[in-house]
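Quick notes on the structure that follows.
If you want it as structure tokens, here you go:
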């Protein structure tokens, strides 16, 4: 994975196991991880964790965010409610790479019931390793996030 970063992670109860796998890989790669929860298997509400990770990224406490719920849909919607957050729900390496390259995504979401650990790990690695391409994509990203400024 890329040079050491601070990355916020969060999941609901359905995403707990995949979040743990992704967190382990991030830490093994030397990244600092802010674990925003959940930490147990009891039923919880995914919007709370989507919002917590999005706020950490928005506030600059983390460079990127990683979210997991059952399908990835709800938690990505929750994260995208915060201005400046561009959360991409991905299922594979291609989606992860293009979310960074074309959309300057700063949060990635997975569905634990949709994507297994190996594809999720490969997608996370691609997400972190892929730079934003800029150029023709700048005007589109500005439409998504009017206050956006390109970061390295």
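Numbering (full-length UniProt numbering), first residue to last: 1 to 152.
Built from N, CA and C at the ideal position, the CB exists for glycine as well.
Considering only C-alpha positions, which residue in the set the options is nearest to residue i?
i           : options          : result
residue 40  : 60, 12, 24       : 12
residue 14  : 133, 114, 28, 90 : 114
residue 133 : 88, 116, 98      : 98
Given residue i, which residues of its chain have a CB within under 8 Å of its CB, disregarding the five upstream and five downstream residues?
i           : result
residue 142 : 148
residue 32  : 4, 5, 6, 7
With burial defined as no fewer than 16 other Cβ atoms inside 10 Å of the residue's Cβ, what is the status of residue i: buried or exposed?
i           : result
residue 104 : buried
residue 140 : exposed
residue 129 : exposed
residue 150 : exposed
residue 135 : exposed
residue 116 : exposed
Just to confirm before moving on: does the CB-CB distance between residue i and residue j stay below 8 Å?
i           : j           : result
residue 144 : residue 100 : no
residue 70  : residue 112 : yes
residue 82  : residue 118 : no
residue 109 : residue 67  : yes
residue 106 : residue 57  : yes
residue 20  : residue 36  : no
residue 64  : residue 5   : yes
residue 160 : residue 95  : No answer is possible for residue 160: the residues shown for the chain start at 1 and end at 152.
residue 38  : residue 16  : yes
Going by beta carbon distance, what residues of the same chain come within less than 6 Å of residue i, once the five residues before and after it are set aside?
i           : result
residue 102 : 137
residue 46  : 12, 69, 74, 75
residue 25  : 121
residue 1   : Interpretation of residue 1 is limited by its pLDDT of 47, a score under 50 that renders its predicted location unreliable; no figure is taken from the coordinates.
residue 89  : 72, 76, 109
residue 80  : 87
residue 34  : 8, 56, 62
Just to confirm my understanding: we take residue i, look at its own chain, exclude 5 residues before and 5 after, and list those with CB closer than 7 Å. What are they?
i          : result
residue 93 : 122, 123, 126
residue 78 : 46, 47, 50, 51
From the DSSP secondary-structure annotation, give me the bridge partner or partners of residue i.
i           : result
residue 8   : 34, 65
residue 108 : 66, 88
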